[in-house]
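Chains as they are written, first to last, in the working numbering: chain A, 318 to 546; chain B, 318 to 546. Just so you know, even glycine gets a beta-carbon here, dropped at the ideal spot from N, CA and C. Quantities reported herein were computed from a predicted structural model and do not represent experimental measurements. As structure tokens, the structure follows; a few thoughts come after it.
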DNA sequence: AGATTTATTTTGACGACTCAAAATAAGTTG
DNA sequence: CAACTTATTTTGAGTCGTCAAAATAAATCT
């Protein structure tokens with residue numbers, strides 16, 4: 318019931334299953350998948366059954382889905398396209414890193430593997446995209462690291478932002494406007510769990526206060542050497 | 318029956334009507350359109366009626382179709398995307414100019430106007446694509462020139478290739494392998510209408526013989542100054 | 001003009017993807 | 001554990017773009 322060549326919808330289903338199963342171990346619940354795809358639950362069920370039929374997904378009815386090896390291979394290829402395209406749009410076309418997601422969402426289904434390779438070369442085989450997300454290798458390896466976040470890291474130490482987890486247009490614009498792209502170095506100066514806020518200071522001396530929830534969306538690692546924002 | 322945002326199919330129909338109506342004056346016949354889109358005549362009729370309903374096309378039943386102003390605007394935008402993408406693939410990604418058509422066929426529907434503008438800038442606002450076809454301007458102007466061809470130009474004079482009309486994979490590869498891309502300078506040394514062949518000589522001294530039919534697919538203009546191939 | 005060929009349109013059907021709403025299973029709570 | 005809430009699956013229907021084949025109009029040719 319599903320042909321040999323992947324349609325845009327198929328690629329999107331697989332990509333989102335991959336995305337949702339990186340953190341949560343295995344079994345992506347239907348609800349989460351449907352929400353990620355902006356589709357009603359019933360639609361997701363129908364589609365998932367077809368994808369399971371085509372051995373791209375495993376479907377445990379009433380419990381969730383996981384990728385088969387071939388599904389995973391396909392999903393990683395799409396994700397690689399997405400992230401390399403994003404990198405291209407920011408690095409070469411100088412587009413705003415907070416707008417770029419939507420563009421890549423369409424382009425990831427239109428570029429061939431050949432173009433993908435050349436793009437990768439042109440960009441110098443980057444390891445991560447402008448949001449700090451790792452780019453799957455040509456061979457389908459995706460190094461996932463568990464990072465601390467602004468809400469969980471040690472107070473007082475210099476931290477380098479490596480990843481913005483919430484990639485909604487709004488949040489990315491917020492991060493952009495406050496000078497918090499991946500690569501920026503900050504220090505959490507105060508964290509108040511009762512009030513639910515934390516304060517951080519940039520090397521420039523500027524202070525920013527944000528909620529713990531927001532802070533949890535920004536991954537960091539210990540900054541060994543200072544790097545200008 | 319057709320929404321406000323153009324689907325891939327809609328864009329393709331309009332683009333091909335535009336392409337087919339540049340040479341032939343007005344009224345594109347259904348058969349030609351269906352063939353260009355690799356679709357059965359019945360399908361083309363159905364789709365054309367919907368596009369006429371949406372005021373993107375004018376449909377004179379049993380006679381043919383032509384673009385309305387808004388249809389033309391849309392078609393030109395798609396064509397601009399197609400040709401700028403082709404230029405990008407050849408000039409920046411260094412892809413083979415004879416392979417690039419197929420890639421652009423998918424990308425033209427995936428890139429936004431914003432990306433289009435940046436691409437145009439990156440490429441230095443080129444006037445024509447790697448095959449020599451003119452790139453419509455941002456404002457929707459498409460300068461069409463009538464060129465002589467290798468089959469019709471004056472024998473003995475230096476001519477610069479400006480355009481390959483037949484863009485099938487095969488013919489482009491042929492042109493490529495014989496060193497006949499747009500820009501190359503050649504001289505027709507002999508033309509034999511009885512035998513249906515012509516002979517041309519490159520500045521390097523190399524001679525090539527091809528059919529008059531093939532020659533009619535290669536547009537040329539008088540070469541004022543010699544340019545290395 | 002009448003008959004035949006050729007181009008176009010209709011008709012009925014299908015595949016991929018989607019929704020809304022009813023049915024059902026799983027999980028939770030008193 | 002029985003009642004209730006929440007998540008998932010079914011069912012019936014719709015859209016978009018397509019095809020094959022029958023019906024019809026236009027063009028061509030004696």
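Sub-8 Å separation of residue i and residue j beta-carbons
i, j, result
"residue 534/B", "residue 488/B", "yes"
"residue 410/A", "residue 468/A", "no"
"residue 393/B", "residue 459/B", "yes"
"residue 368/A", "residue 353/A", "no"
"residue 496/A", "residue 519/A", "yes"
"residue 384/B", "residue 344/B", "no"
"residue 407/B", "residue 332/B", "no"
"residue 536/B", "residue 474/B", "no"
"residue 375/B", "residue 457/B", "no"
"residue 426/A", "residue 427/B", "yes"
"residue 539/B", "residue 513/B", "no"
"residue 319/A", "residue 403/A", "no"
"residue 420/A", "residue 454/B", "no"
"residue 627/B", "residue 525/B", "Here chain B has residues from 318 to 546 only, and residue 627/B is not among them."
"residue 471/B", "residue 508/B", "no"
"residue 517/A", "residue 502/A", "no"
"residue 440/B", "residue 405/B", "yes"
Bounding residues of the beta strand (DSSP E) (the contiguous stretch that carries residue i)
i, result
"residue 535/B", "535 to 539"
"residue 377/B", "374 to 377"
"residue 320/B", "No beta strand (DSSP E) contains residue 320/B, which DSSP labels as neither H nor E."
"residue 384/A", "381 to 384"
Range of the contiguous alpha helix (DSSP H) that encloses residue i
i, result
"residue 355/A", "Neither: residue 355/A is in no alpha helix (DSSP H) and is coded neither H nor E."
"residue 344/A", "That residue, residue 344/A, is in no alpha helix (DSSP H); it is neither H nor E in DSSP."
"residue 371/A", "Unbroken run through residue 371/A: none, as it is neither H nor E."
"residue 324/A", "No alpha helix (DSSP H) holds residue 324/A; DSSP gives it neither H nor E."
Check: residue i C-beta below 7 Å from any heavy atom of the ligand ZN
i, result
"residue 477/B", "Ligands are entirely absent from the displayed structure, and the ligand ZN is therefore not among its contents."
Against chain B: residues of the region 416 to 439 of chain A by CB proximity under 9 Å: Residues of the region 416 to 439 of chain A with a Cβ closer than 9 Å to any Cβ of chain B, in chain order: 416, 419, 420, 423, 424, 425, 426, 427, 428, 429, 431, 432, 435, 436, 438 and 439.
With three or more C-beta pairs closer than 8 Å as the rule, is the region 435 to 454 of chain A touching the region 477 to 485 of chain A? Using a Cβ-Cβ distance cut-off of 8 Å, the region 477 to 485 of chain A and the region 435 to 454 of chain A are in contact, since at least three pairs of beta carbons, one from each stretch, lie closer than that value.
Can you find at least 3 beta carbon pairs, one from the region 392 to 399 of chain B and one from the region 353 to 365 of chain B, that sit closer than 8 Å? They do not touch, by the three-pair rule.
Whole runs of the alpha helix (DSSP H) within the region 406 to 454 of chain B, excluding any shorter than 4 residues: 417 to 424 and 430 to 439, all fully within the region 406 to 454 of chain B.
Taking only runs that begin and end inside the region 452 to 531 of chain A, name each unbroken alpha helix (DSSP H) of 4 or more residues, in chain order. Within the region 452 to 531 of chain A, the complete alpha helix (DSSP H) runs of at least 4 residues fall at 486 to 494.
Can you confirm whether the region 368 to 380 of chain A touches the region 411 to 430 of chain A when touching is taken to mean that 3 or more C-beta pairs between the two stretches lie within less than 8 Å? Three or more beta-carbon pairs separated by less than 8 Å are not found between the region 411 to 430 of chain A and the region 368 to 380 of chain A, which leaves the two stretches without contact.
Decide yes or no for the touch test of the region 483 to 502 of chain A against the region 320 to 329 of chain B: beta carbon pairs closer than 8 Å, at least 3 of them. Counting C-beta pairs closer than 8 Å gives fewer than three between the region 483 to 502 of chain A and the region 320 to 329 of chain B, which falls short of the contact rule.
Residues of the region 385 to 415 of chain B in Cβ contact with chain A at a cutoff of 9 Å, in chain order, please. Taking 9 Å as the Cβ-Cβ cut-off against chain A, the residues of the region 385 to 415 of chain B that qualify are 406, 409, 410, 411 and 412.
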